[in-house]
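**Student:**
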Amino acid sequence: MNEKNASKIGIISLGCPKALVDSERILTKLAADGYDISETYDDADVVLVNTCGFIDSARQESIEAIQEALAENGRVIVTGCLGLDETGIREVAPGVLSVTGPHQYEQVVAAVHQACPPTHDPYLDLIGPEGIKLTPRHYSYLKISEGCNHHCKFCIIPDIRGPLSSRPVGDVLKEAERLVDSGVKELLVISQDTGAYGVDLKYAPSPWRGQEINTRLFDMAEALAELGAWIRLHYVYPYPHVDDVIKLMAQGKILPYLDIPFQHASPKILKAMRRPAHQEKTLDRIEKWRDICPDIAIRSTFIVGFPGETEDDFEELLDFIEDAQLDRVGCFQYENVDGAAANAFPDHVSSDDKLSRYERFMELAHNISERKLLDRVGQTMDVLIDTVDETGAVGRTYADSPEIDGQVFLDGVQTVKAGDLIKATITRSSAYDLWGDLK
Numbered sequence: 021m022n023e024k025n026a027s028k029i030g031i032i033s034l035g036c037p038k039a040l041v042d043s044e045r046i047l048t049k050l051a052a053d054g055y056d057i058s059e060t061y062d063d064a065d066v067v068l069v070n071t072c073g074f075i076d077s078a079r080q081e082s083i084e085a086i087q088e089a090l091a092e093n094g095r096v097i098v099t100g101c102l103g104l105d106e107t108g109i110r111e112v113a114p115g116v117l118s119v120t121g122p123h124q125y126e127q128v129v130a131a132v133h134q135a136c137p138p139t140h141d142p143y144l145d146l147i148g149p150e151g152i153k154l155t156p157r158h159y160s161y162l163k164i165s166e167g168c169n170h171h172c173k174f175c176i177i178p179d180i181r182g183p184l185s186s187r188p189v190g191d192v193l194k195e196a197e198r199l200v201d202s203g204v205k206e207l208l209v210i211s212q213d214t215g216a217y218g219v220d221l222k223y224a225p226s227p228w229r230g231q232e233i234n235t236r237l238f239d240m241a242e243a244l245a246e247l248g249a250w251i252r253l254h255y256v257y258p259y260p261h262v263d264d265v266i267k268l269m270a271q272g273k274i275l276p277y278l279d280i281p282f283q284h285a286s287p288k289i290l291k292a293m294r295r296p297a298h299q300e301k302t303l304d305r306i307e308k309w310r311d312i313c314p315d316i317a318i319r320s321t322f323i324v325g326f327p328g329e330t331e332d333d334f335e336e337l338l339d340f341i342e343d344a345q346l347d348r349v350g351c352f353q354y355e356n357v358d359g360a361a362a363n364a365f366p367d368h369v370s371s372d373d374k375l376s377r378y379e380r381f382m383e384l385a386h387n388i389s390e391r392k393l394l395d396r397v398g399q400t401m402d403v404l405i406d407t408v409d410e411t412g413a414v415g416r417t418y419a420d421s422p423e424i425d426g427q428v429f430l431d432g433v434q435t436v437k438a439g440d441l442i443k444a445t446i447t448r449s450s451a452y453d454l455w456g457d458l459k
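Here the sequence shown stands for residues 21 to 459, where the numbers follow the working numbering.
1. What does DSSP give as the partner residues of Ile442 in its beta bridges?
2. When we look at the beta-carbon of Arg391 and count the other beta-carbons within 10 Å, is it buried (16 or more) or exposed?
3. What's the C-alpha gap between Ala135 and Tyr55?
4. Leaving aside the five residues before and after Val200 along the sequence, list all residues of the same chain whose C-beta is less than 8 Å from its C-beta, in chain order.
5. Along the chain, where does the alpha helix (DSSP H) that runs through Ala292 open and close?
6. For the candidate residues Ser33, Leu346, Asp367 and Val433, whose alpha-carbon lies nearest to that of Phe381?
7. Rounded to whole angstroms, what's the CA-CA distance from Thr417 to Met401? Just pull it up for me.
8. Taking buried to mean at least 16 other C-beta atoms within 10 Å of its own C-beta, is Ser77 buried or exposed?
9. Ordered along the chain, which non-local residues of its own chain (more than five positions away) have a Cβ less than 8 Å from that of Ala224?
10. From Val132 to Ile97, what distance separates their C-alpha atoms?
11. Could you check the C-alpha separation between Tyr354 and Asp367 for me, to the nearest Å?
12. Tell me the residue span of the beta strand (DSSP E) that contains Ala224.
13. Exposed or buried, which one is Pro276 when buried takes at least 16 other CB atoms within 10 Å?
14. The alpha helix (DSSP H) spanning Ile86 covers which residue range?
15. Just the C-alpha distance for Val119 and Glu335, rounded to the nearest angstrom, thanks.
16. Under three-state DSSP, which class holds Tyr277?
17. If we ignore side chains and look at the alpha-carbon of each, how far apart do Arg377 and Ile312 end up?
18. So is the beta-carbon of Ala285 under 7 Å away from any non-hydrogen atom of the ligand PLP?
19. Bridge partners for Ser389 per DSSP, in chain order?
20. Ignore the nearest five residues each way along the sequence and tell me which others in Lys273's own chain have a CB closer than 7 Å to its CB.
21. Tell me, please, whether the segment 45–59 touches the segment 75–92 by the rule of three or more beta-carbon pairs shorter than 8 Å.
22. Does DSSP classify Gln134 as helix, strand or coil?
23. Could you tell me which residues DSSP pairs with Ser27 in its beta bridges?
24. Near Gly115, what residues of its chain come up, given a Cβ to Cβ distance below 6 Å and the 5 sequence neighbours on each side ignored?
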């Protein structure tokens, strides 16, 4: 403990990167108020649990984390998506001190102040301009908006986080600039619907570096490119204007990486999900993107076992995966989400069928990825180093987002450090990872 005996806050951050950014913002404010961060239950004066409530398994994970924190520490503050169900939380964890919903930063900080008042010293409690980060120093998530205007039948995000609420682009760019100035080498742009960025603000211009930038995905991405960091786009719906963003990738301004949640390929299922239902047009778009930017890496996620999904629907999805040859693919078995419209749909798929379809889907995706990565052998690629230890270095290429995609292993290499951007010659591959030698 430091000389002024600062109160210490433990934190458990669950769920998506957007929730992680919420945790970082809360910790930044608390650190500015004089709190230290504890890595253990025993050393913490209070434990903050930032929860996820998107699907039932996430809700259960959050409840177990709250109960564990209560058992290990006893003084627990709950926030995040599950916090909207305060009654349910207090039924299973009656000892919690406070419960708030998502992005209610001021209420969370107030609850911490009440639980353990701060010992603030403005001469000692100095926070860097980048704030407190829960990611490694060399990459950071950049959240550009909250909420979503879509009303997918399997999702309750609009109910939890509200409609789309974009940050003015000037605010986003200033944050990005602070992060890069502090040593961040990769910015991961996130939101619920990145492609819709700025719609709610009518693309209003905002000042940055002496110029007016429109609050629009293309304009923001083009401005971010001026910072000299890797810029990676996540959660981009396939709106028509995305084609223009692909051109920025082809020009080398942002990473040729597109995370785009297709969810399914059967028009019937997509319609039931309330998603765009044009498989043929989607394949045409993918072909067009690859014509514009041949190196583009496309990641997507899919749901199998949605209510009403037949074997024919699933086979249509497999055909799409084979035709699309996506670079990175994730798959989830459908789960009911408390409050989602799809819960009441007829013809729910059995657990056995969902598992079987998941396994068949992932086998096909595995084989496609294995073939595509084999083509990397012999290439020299830029690799951003994430970790270095006694066994060597581990990094990622432009095609790999942290935590969810593959890695590049540089066995025995210890002359680099985390955050270095190096060149490596790829020597072998597996279904998801690469190995290479320092160039």
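By construction, the Cβ of each residue, glycine as well, lies at the ideal position given by its N, Cα and C atoms.
**Tutor:** So, to answer that:
1. Note: Ile442 sits in a beta bridge opposite Val403.
2. Result: exposed.
3. About 12 Å.
4. Result list for Val200: Leu207, Leu247, Gly248 and Ala249, in chain order.
5. Ala292 -> alpha helix (DSSP H) spans Pro287 to Met293.
6. When each option's Cα is compared against that of Phe381, the closest is Leu346.
7. Rounded to whole angstroms, Thr417 to Met401 spans 7 Å at the Cα level.
8. That one is exposed.
9. Taken in chain order, the residues that qualify are Pro188, Gly218, Asn234 and Thr235.
10. Near 8 Å, if we compare the C-alpha coordinates of Ile97 and Val132.
11. Rounded to whole angstroms, Tyr354 to Asp367 spans 13 Å at the Cα level.
12. No beta strand (DSSP E) holds Ala224; DSSP gives it neither H nor E.
13. Sixteen is the threshold: when 16 or more other Cβ atoms of the shown chains lie within 10 Å of the Cβ of Pro276, as they do, the residue is buried.
14. Element bounds for Ile86: Asp76 to Glu92.
15. As the crow flies, the alpha-carbon of Val119 is around 44 Å from that of Glu335.
16. Tyr277 sits in a strand when the DSSP states are folded into three classes.
17. Distance between the alpha carbons of Arg377 and Ile312 is about 33 Å.
18. The ligand PLP is not part of the structure shown, which contains no ligands of any sort.
19. In the DSSP output, where bridge partners are listed per residue, Ser389 has none listed.
20. By the criterion of a C-beta distance shorter than 7 Å, Lys273 is surrounded in its chain by Glu242 and Ala245, once the five residues flanking it on both sides are discounted.
21. Verdict: no, contact absent.
22. Helix at Gln134.
23. According to DSSP, which records beta bridges pairwise, Ser27 is partnered with nothing at all.
24. The beta carbon of Gly115 sits closer than 6 Å to the beta carbons of Leu90 from its chain, once the five residues preceding and following it are set aside; these are given in chain order.
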